[in-house]
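Numbering (full-length UniProt numbering), first residue to last: 1 to 230. Even glycine gets a Cβ: it sits at the ideal position worked out from N, Cα and C.
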């Protein structure tokens, strides 16, 4: 019996024996494996994109008045795209490459080099996600928001006979936004309002295009990762 037990222990612990390859990774070891973090971050990013773009937006627009909906959007979107940038950088740091030069096992993108066949896909995907998110966080969303508030302010000033503007830079009085047609142009506005409306529509369209491009790139990268490990 002792001999049999010793032989069994030898099979499990000897690196030269094949059964060792079938030993499962302990649960706690998952948290030190960067591949686990990479997949978790990718799932978080995709979930946040789908949830914010197709659930929160639609629900908030139907549940809130236009005034409160605009204020909510102006508060959420800059933070949302900055979160995109942070998660994209973390994805690059935890990319599960196959090189042996990385100081952390299971990842070698920034620490080393991605696999030759994956290099173009990986780097282009990360670069596109980061650039689109940065463009929205620092250019298109702030410009669209500022133009939207100014548009409301000018419209309110004209309605009040310039008795007092409600525009305060990046903020606006809820009562001055109203619910009617909001920032939509009904064709009877002054040239100044038409110019502001067209400017807002351009920034808003560019922001929407960047958001959809980020989502499409994330889905494409997720499909590449799935194909690699399935």
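How about residue i and residue j: do their beta carbons lie closer than 8 angstroms?
i           : j           : result
residue 44  : residue 87  : yes
residue 125 : residue 220 : yes
residue 159 : residue 217 : no
residue 91  : residue 42  : yes
residue 140 : residue 53  : no
residue 95  : residue 151 : no
residue 82  : residue 137 : yes
residue 123 : residue 70  : no
residue 193 : residue 131 : no
residue 222 : residue 34  : no
residue 195 : residue 84  : no
residue 191 : residue 142 : no
residue 121 : residue 224 : yes
How far does the alpha helix (DSSP H) with residue i in it extend, from its first residue to its last?
i           : result
residue 126 : 119-135
residue 190 : Residue 190 -> no alpha helix (DSSP H), and no H or E assigned at all.
residue 147 : 141-160
Contact defined as beta carbons within less than 8 angstroms: I believe residue i pairs with residue j. What is the distance between those atoms, to the nearest angstrom?
i           : j           : result
residue 204 : residue 144 : 5 angstroms
residue 60  : residue 72  : 6 angstroms
Are there any heavy atoms of the ligand ZN lying less than 7 angstroms away from the beta-carbon of residue i, as far as the coordinates show?
i           : result
residue 205 : The ligand ZN is not among the ligands present in this structure, which contains no ligands whatsoever.
Checklist entry - In the region 45-106, which residue ranges form an unbroken alpha helix (DSSP H) of at least 4 residues, counting only runs that do not cross its ends? => result 57-63 and 66-93
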